[in-house]
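Novice:
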């Protein structure tokens, strides 16, 4: 008996692609599992991370116009976890949103008084025992208030 | 005239050509965007603080990630990827008085000659601080001070996306 159909299939179907597809699928799955794409982490950027205060500070060059300072003092809460931030007349107890609102108000006041945002220097002045996560919360509040120059200062 | 229909082979097997096209495109995409085997020396065991705000750093090549956590005697324990090896960088090595962190940062920032304002200055050098969220500022402060002394102007704080924010 003549197998006409089987012969025709071999002639027309070209090379066997099954092993290629298998290998390619394995590579694809490996890359999908092993790769890291949009991570679960990001960064708070600072171009002026640390600012000396007091005797350790270096003298500014002649003709240097200093930025308008805005000191934010950060202390640990008396009850334990949390922070208390104070700047001028404001005092915020462990609430980042409230701190952001107050800082936005202060920035607008300074802007109205003729100080552009890029000439305002925010200095976060933390106590030695303030936890890093609370400092980051204060730092983020300053960034959310659209301040451009934010730095950490020597501890008090 | 005789019409040519689909060959028998096509009728018998599914056409895998479009599948291979798509899969090849996916493979090329994943190969280009995936970061496999690239280590920044970041210590994933450190629990970093969470923030809503944050940006991505596109070029991680010119960065040094400093893992900062409290060490013995209330001193910072700093590790970083230096010469393909994650090792401790002491603020001051008690055995010989060498300021390891400062030396390393200065070397990268100021180039081989260690001098500012020369050709081999690396002004775009960035430091990434990966700090434990519960460490006190007394641990972080000397690290920031050392960065400032080494003339590193760009310091980035590594945080987790979203999550709980203090009091917020």
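Residue numbers (the working numbering), protein chains in the order written: chain A, 1 to 156; chain B, 157 to 324.
Ideal Cβ positions, reconstructed from N, Cα and C, are used throughout, including at glycine.
Given residue 292 of chain B, which residues of its chain have a CB within under 8 Å of its CB, disregarding the five upstream and five downstream residues?
Specialist: For residue 292 of chain B, where only same-chain residues beyond five positions count, the Cβ hits under 8 Å are 226.
Novice: Are there three or more Cβ pairs, one per stretch, closer than 8 Å when the stretch 167-185 of chain B is compared with the stretch 237-249 of chain B?
Specialist: At 8 Å Cβ cutoff, the stretches do not touch.
Novice: Closest to residue 70 of chain A by C-alpha separation, out of A/104, A/43, A/80, would be which residue?
Specialist: The shortest Cα separation from residue 70 of chain A among A/104, A/43, A/80 belongs to A/104.
Novice: According to a CB-to-CB cut-off of less than 8 Å, which residues of the stretch 120-132 of chain A neighbour chain B?
Specialist: Residues passing the 8 Å Cβ filter: 126, 127, 128, 129, 130, 131, 132.
Novice: Can you find a heavy atom of the ligand SAH that lies under 8 Å from the Cβ of residue 196 of chain B?
Specialist: With respect to the ligand SAH, the structure offers nothing, as it holds no ligand at all.
Novice: Tell me which residues of the stretch 236-247 of chain B have at least one Cβ-Cβ distance to chain A shorter than 9 Å, keeping chain order.
Specialist: Cβ contacts with chain A come from no residue of the stretch 236-247 of chain B.
Novice: Find the nearest neighbour of residue 130 of chain A within the set A/26, A/75, A/110, judged by alpha-carbon distance.
Specialist: Comparing Cα positions, the closest option is A/75.
Novice: Classify residue 292 of chain B as helix, strand or coil using the three-state DSSP reduction.
Specialist: Three-state result, residue 292 of chain B: strand.
Novice: Within the continuous beta strand (DSSP E) that includes residue 219 of chain B, where are the two ends?
Specialist: 219-226 is the span of the beta strand (DSSP E), which, as asked, contains residue 219 of chain B.
Novice: In chain order, what residues of the stretch 143-154 of chain A put their CB closer than 8 Å to some CB of chain B?
Specialist: Residues passing the 8 Å Cβ filter: 143, 144, 152, 154.
Novice: Can you find a C-beta in chain A that's less than 9 Å from the C-beta of residue 278 of chain B?
Specialist: False, the Cβ-Cβ gap to chain A never drops below 9 Å.
Novice: Taking Cβ positions only, does residue 260 of chain B come closer than 9 Å to chain A?
Specialist: No, its Cβ sits nowhere closer than 9 Å to a Cβ of chain A.
Novice: Suppose you measure from the CA of residue 40 of chain A to the CA of residue 137 of chain A; what does that come to, to the nearest Å?
Specialist: Residue 40 of chain A and residue 137 of chain A: Cα-Cα distance of roughly 18 Å.
Novice: At the 9 Å Cβ level, is residue 137 of chain A part of the contact set with chain B, yes or no?
Specialist: Judged by the 9 Å Cβ criterion, residue 137 of chain A is in contact with chain B.
Novice: To the nearest angstrom, report how far apart residue 316 of chain B and residue 27 of chain A are at their CA atoms.
Specialist: One C-alpha to the other measures close to 30 Å.
Novice: Could you give the first and the last residue of the continuous beta strand (DSSP E) run that contains residue 140 of chain A?
Specialist: Taken as a continuous stretch (DSSP letters only), residue 140 of chain A belongs to no beta strand (DSSP E), being part of the alpha helix (DSSP H) at 132-144.
Novice: Run the CB neighbour count on residue 200 of chain B, radius 10 Å, all protein chains shown included, and call it buried at 16 or more, exposed below.
Specialist: Residue 200 of chain B is exposed by the Cβ-count criterion.
Novice: Are the C-beta of residue 47 of chain A and some C-beta of chain B separated by less than 9 Å?
Specialist: Residue 47 of chain A counts as touching chain B.
Novice: Mark residue 14 of chain A as exposed unless 16 or more other C-beta atoms lie within 10 angstroms of its C-beta, in which case mark it buried.
Specialist: Exposed, because fewer than 16 other Cβ atoms sit within 10 Å of the Cβ of residue 14 of chain A.
Novice: Using the Cβ count rule (16 or more neighbours within 10 Å means buried), how would you classify residue 106 of chain A?
Specialist: It counts as buried.
Novice: Which one of A/97, A/72, A/128, A/83 has the shortest CA to CA distance from residue 151 of chain A?
Specialist: If we check each option's Cα against that of residue 151 of chain A, A/72 comes out closest.
Novice: Can you name the start and end residues of the beta strand (DSSP E) that residue 213 of chain B belongs to?
Specialist: Careful: residue 213 of chain B lies outside any beta strand (DSSP E) and carries neither H nor E.
Novice: Using only the alpha-carbon positions, how far apart do residue 119 of chain A and residue 304 of chain B sit?
Specialist: Approximately 21 Å, taken between the alpha carbons.
Novice: Quick check on residue 47 of chain A: buried or exposed, where buried means 16 or more other Cβ atoms within 10 Å of its Cβ?
Specialist: By the neighbour-count rule (16 or more Cβ atoms within 10 Å), residue 47 of chain A is not buried but exposed.
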